[in-house]
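Just add 602 to wherever you are in the sequence shown, counting from 1, and you've got our numbering.
Read through the structure below, which is laid out as structure tokens, and then see the notes.
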Amino acid sequence: KMAKAVRLTAQFEMVLICSESFYDDELFEGIFDKVVFFTKKTKLKQSKYYQFLAQKLNISEGLNNMIRLVKEESPDLIHTFCEPYVHIEKLLKETSFPVIMSDGNDFSGISFGVDKIDKKLKDQEKFCFESVKGLIYKGPKHVTDYYRSFGYEINCEELTWVDHTDEDLFEHQDKQSDEIHMVYTGTISKDPERKYCYYIPLAKELAKQKIHFHVYPIPYKPYKEYLELDKSEEYFHFHKSVPMKKLIEEIADYDWGLWIHAEDVSIRTTKDKMKTGMVNKMFSYLEAGLPVIVSDSRIYGTDFVEKNDLGFSVNDRDWDKLDKMISKYDIAVLKERILEKRKELSLQSNKEQIVELYNKLI
């Protein structure tokens, strides 16, 4: 969406240099002026050990190709995404072009805890934070203060730019069923210890309240426990993943989008990340015209939802009261509010923020 926002300003020629394995023709159609791959798609059927060695060699060769391709383009600015950080580190050490770094699925240190990640990753992340000319992230401005508390010297330009909605994907359905339908899209786990994305307990609580719970896992994995619950529980629906456009069309039929994660600290879920994390799924819900229910342990998310009047927050202990909580809202009125707000939060309405940063650094 960042790339699309920049494209709509018509101020820059954009070249995408990436691994072919991460390129999606449909998703990126019409966005870039030029696309080149530094590694090709590979289909390895050998042992896991052979795959590991082959991938390691492919990554090393691919990164050298990446540097060569970047130098051939001689860009005014490089916009990179983490995680991982190895390609960003290499760009910073082997080229002199100004680099902006954006978070993809959040930064590693705040997700795991800077004091808990291994030294190599910590050193890589620290070097990148201290060497890039700009940072763009989904969280609030004070996200980087977390790193400064560990001695990181971050002195670059910074921009908070959430995922935003895309007006080209907007859907809206007025139809309402006699029963409530809620939807979650994103990461799930079959491991009860990863409580922030283990949704069996929530599904059972919602079923007791006769609330339909639809889950679209990304990526789709045929987890036995979820499939069995889908068969045995009429109020739980486990869907296969669908392309983004189709996903927005499907979930537009439902009533509420869920950004619910259990508060328990677990893998990639530190207390600090709970305070500052922002998800992309919320903007998919808004594109579908759905109000949002967010866990109150997600401090920045709760502030964002309540400030923009997008829905409400819920505590883990109150999952069994969701039917009573939603009964306080006129869903038709709330959805009308979403239609107004999602345009204000669109990439089309906020595109200039990124190019202002680009131009400043150039």
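Ideal Cβ placement from N, Cα and C applies to all residues, glycine included.
8 Å contact criterion, which residue i and residue j should meet: CB distance rounded
i, j, result
"valine 700", "lysine 735", "According to the sequence as given, residue 700 is proline; it is not valine. Contact flag correct, Cβ pair sits at about 4 Å."
"alanine 805", "leucine 831", "6 Å"
"glycine 741", "threonine 767", "Not quite, the Cβ-Cβ distance comes to about 18 Å (not below 8 Å), so this is no contact."
"tyrosine 786", "leucine 849", "With a Cβ gap of about 12 Å, tyrosine 786 and leucine 849 do not count as contacting."
"alanine 607", "asparagine 952", "7 Å"
"leucine 618", "valine 637", "5 Å"
"tyrosine 822", "serine 843", "4 Å"
"isoleucine 669", "glutamate 691", "Isoleucine 669 to glutamate 691, Cβ: 12 Å. No contact."
"aspartate 898", "valine 916", "6 Å"
Exposed unless 16 or more other CB atoms sit within 10 angstroms - verdict on residue i
i, result
"lysine 647", "The predicted model places lysine 647 with a pLDDT of 49, which falls under 50 and marks its position as unreliable; any figure quoted below should be read in that light. Per the 10 Å Cβ criterion, exposed."
"lysine 658", "With a pLDDT of only 48 at lysine 658, under 50, the local geometry of the prediction cannot be trusted, and the value read off the model is given with reservation. Answer is exposed; the Cβ neighbour count stays below 16."
"leucine 629", "exposed"
"arginine 944", "buried"
"alanine 612", "exposed"
"aspartate 932", "exposed"
"leucine 924", "buried"
"valine 764", "buried"
"glycine 632", "exposed"
"histidine 814", "buried"
"alanine 864", "buried"
"isoleucine 964", "exposed"
"lysine 603", "buried"
"leucine 694", "buried"
"isoleucine 869", "exposed"
"glutamate 958", "exposed"
"tyrosine 652", "Here the model assigns tyrosine 652 a pLDDT of 41, short of 50, so the residue's position is not dependable, and the following value carries that caveat. So tyrosine 652 counts as exposed."
"histidine 744", "exposed"
"leucine 655", "Because leucine 655 carries a pLDDT of 42, less than 50, the predicted location of this residue cannot be relied on, and no value is offered for it."
"glutamate 889", "buried"
"arginine 900", "buried"
"leucine 737", "buried"
"leucine 941", "exposed"
"serine 710", "buried"
Range covered by the alpha helix (DSSP H) that runs through residue i
i, result
"aspartate 905", "901 to 909"
"glutamine 697", "One point to set straight first is that residue 697 is threonine, not glutamine, in the sequence displayed. Premise fails: threonine 697 is in no alpha helix (DSSP H) and is neither H nor E."
"isoleucine 619", "Not the alpha helix (DSSP H): isoleucine 619 falls in the beta strand (DSSP E), residues 617 to 621."
"aspartate 832", "826 to 834"
"glutamate 958", "954 to 963"
"alanine 607", "604 to 611"
"leucine 849", "846 to 853"
"methionine 927", "924 to 928"
Residue i - DSSP class collapsed to helix/strand/coil
i, result
"aspartate 918", "helix"
"isoleucine 802", "helix"
"histidine 744", "coil"
"lysine 735", "coil"
"lysine 873", "helix"
"valine 764", "coil"
"leucine 947", "coil"
"leucine 655", "Because the pLDDT of leucine 655 is 42, which lies under 50, any placement of that residue in the model is unreliable, and the number read from its coordinates should be weighed accordingly. Note: leucine 655 maps to helix in three-state DSSP."
"valine 637", "strand"
"serine 710", "helix"
"serine 868", "strand"
"phenylalanine 630", "helix"
"phenylalanine 614", "coil"
"glutamine 811", "coil"
"glutamate 795", "coil"
"tyrosine 749", "helix"
"glutamate 727", "helix"
"histidine 689", "helix"
"glutamate 773", "coil"
"serine 662", "helix"
"isoleucine 719", "coil"
"valine 935", "helix"
"leucine 679", "coil"
"lysine 673", "helix"
"methionine 880", "coil"
"lysine 647", "Note that lysine 647 scores 49 on pLDDT, short of 50, meaning its location in the model is unreliable; the coordinates nonetheless yield the value given after this. Residue state, collapsed to three classes: coil."
Start and end residues, beta strand (DSSP E) containing residue i
i, result
"valine 785", "783 to 788"
According to DSSP, residues forming a beta bridge with residue i
i, result
"tryptophan 861", "Val896"
"aspartate 705", "Cys684"
"aspartate 839", "Correcting the residue type first, residue 839 is histidine in the shown sequence and not aspartate. Its beta-bridge partners are His816."
"glycine 913", "Val894"
"serine 886", "Per DSSP, none; premise fails for serine 886."
"glutamate 759", "Gly736"
Closer than 8 Å to chain B by CB, residue i
i, result
"arginine 944", "As a matter of chain content, chain B is missing from the structure shown, which is built from one protein chain."
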